[in-house]
Amino acid sequence: GYEYRSDRERLAVLDETIDVVRRMWTEEQVTFEGAHLHFDGAYCDPKPVQQLPPVLVGGGGERVNLRIAAEKADLTNWQVGIEAFRHKSEVLAGHCEAVGRPFGEITRTHGPDCRLFDTERETVAWCESDGGGNLWGRQPTADYLADNLVGTVDQVIEKTQAYLDAGCRGLILWLRDFPSDETLQRFMGEVVPKLSLS
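Take the sequence shown: its letter number 107 is residue 300 in my numbering, and every next letter is one higher.
In structure tokens form, the structure reads like this:
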């Protein structure tokens, strides 16, 4: 298997990888000598159809990860509650200011679990069931529900709108009833029409 490096090393590799991959998208061959990566004549063929595909930097480590995002990302993605989303947005804005980049150039996205129920009782029962929302037992049910777009339609509308109001401009939904498309259909039909971008 692969060596599992420290967070610091993996983030340093990520930083260099973004530079190398972007060059490979536009140059015929890339030679690169970094602290962690070394390439001689690396290439990407065929080139991407989109001239420069957007780079999404996920993760919310506030000292290094968000600095890399401020310098190099087109998008970020965090799977956090609304207060943490607001806080990470502020930290990212500070890093953008420090590196001289407009904060508005980075699209912030959220990657929550999503599941719609008709009642709060059904929601809680699913969350507390084997294989339900709290799949790995990481959070108390109330915390899980606060951090994810799980609940009744009205609850999910309210939570989704809070993220939009905090500057979220994209959702990468973990549809927890997959392979069924019921949640997706209900989200698109019952939640999205009630949302507004301010």
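Glycine included, each C-beta is placed from N, C-alpha and C at the ideal position.
Since we're looking at a predicted model, the values are computed, not measured.
**Asked** Which term fits K387, buried or exposed, when burial requires 16 or more other beta carbons within 10 angstroms of its beta carbon?
**Response** What you label residue 387 is simply residue 194 of the sequence shown in a count that begins at 1. When all chains shown are included, K387 counts as exposed.
**Those residues which DSSP pairs with N270 across a bridge** = The residue labelled residue 270 in the question sits at position 77 within the sequence shown. As a beta-bridge residue in DSSP terms, N270 pairs with G251 and T302.
**Prompt:** Helix, strand or coil: how does DSSP classify T312 here?
**Reply:** Locating residue 312 in the sequence shown gives position 119, where the first residue counts as 1. Coil, per DSSP.
**Message:** Taking a contact to mean a Cβ-Cβ separation below 8 Å, would you say E264 touches V292 in this structure?
**Reply:** Taking the sequence shown and counting its residues from 1, the one referred to as residue 264 is at position 71. Taking the sequence shown and counting its residues from 1, the one referred to as residue 292 is at position 99. Taking 8 Å as the Cβ cut-off, E264 and V292 qualify as a contacting pair.
**8 Å Cβ shell around L268 - same chain, five flanking residues per side excluded** = Locating residue 268 in the sequence shown gives position 75, counting from the first residue. Non-local C-beta neighbours of L268 in its own chain, meaning closer than 8 Å and more than five positions away in sequence, comprise P247, V248, L249, V250, I299, T300, R301, T302 and G363, ordered along the chain.
**Item:** Beta bridge counterpart(s) of L345 as assigned by DSSP
**Value:** One-based indexing of the sequence shown puts residue 345 at position 152. It is Thr, not Leu, that sits at residue 345 in the sequence shown. According to DSSP, T345 bridges with F310.
**Prompt:** How about A228 and V213: do their beta carbons lie closer than 8 Å?
**Reply:** For the purposes of this step, residue 228 is taken as the residue at position 35 of the sequence shown. For the purposes of this step, residue 213 is taken as the residue at position 20 of the sequence shown. Not closer than 8 Å, so no.
**Item:** Any C-beta of chain C under 8 Å from that of S322
**Value:** Absent from the structure is chain C; it holds one protein chain and no more.
**Message:** Here's the rule: buried if 16 or more other CB atoms are within 10 angstroms of the residue's CB, otherwise exposed. What is Y356?
**Reply:** Here residue 356 corresponds to residue number 163 of the sequence shown, with the count starting at 1. Residue environment: Y356 is assigned as buried (16 or more neighbouring CB atoms within 10 Å of its CB, all protein chains considered).
**Prompt:** CB of W271 to nearest heavy atom of the ligand MG: below 7 Å?
**Reply:** This structure does not include the ligand MG; it has no bound ligands of any sort.
**Item:** Nearest neighbour of I350, chosen from D340, G253 and F380 [CA to CA]
**Value:** Translated into positions along the sequence shown, residue 350 becomes position 157. Residue F380 is the option with its Cα nearest to I350.
**Coarse secondary structure for R209, derived from DSSP in three states** = Taking the sequence shown and counting its residues from 1, one reaches residue 209 at position 16. One point to set straight first is that residue 209 is Glu, not Arg, in the sequence displayed. In the three-state scheme derived from DSSP, where H, G and I count as helix and E and B as strand, E209 is classed as helix.
**Asked** What number of angstroms, rounded off, separates the C-alpha of C320 from the C-alpha of V343?
**Response** Stepping through the sequence shown from its first residue, residue 320 is reached at position 127. Stepping through the sequence shown from its first residue, residue 343 is reached at position 150. For C320 and V343, the distance between alpha carbons rounds to 9 Å.
**Message:** Quick check on DSSP: helix, strand or coil for G325?
**Reply:** Residue mapping note: residue 325 aligns to position 132 of the sequence shown, counting from 1. DSSP places G325 in the coil class of the three-state scheme, outside both helix and strand.
**Message:** Using DSSP's beta-bridge definition, name the partner residues of W367.
**Reply:** The residue given as residue 367 occupies position 174 in the sequence shown. BP columns for W367 point to D306.
**Request:** Starting from F278, follow the alpha helix (DSSP H) in both directions and report where the run begins and ends.
**Result:** Taking the sequence shown and counting its residues from 1, one reaches residue 278 at position 85. Note, F278: alpha helix (DSSP H), I275 to V292.
**The beta strand (DSSP E) enclosing E375, as first and last residue numbers** = In the sequence shown, the residue the question calls residue 375 occupies position 182. E375 -> not in any beta strand (DSSP E); alpha helix (DSSP H) instead, spanning E375 to R379.
**Request:** Please classify G382: does DSSP put it in a helix, a strand, or coil?
**Result:** As a working note, residue 382 is residue 189 in the sequence shown. Looking at G382 - three-state DSSP - the assignment turns out to be helix.
**Asked** When burial is assigned at 16 or more other CB atoms within 10 Å of the CB, is F371 buried or exposed?
**Response** Taking the first residue of the sequence shown as 1, we reach residue 371 at position 178. So F371 ends up on the exposed side.
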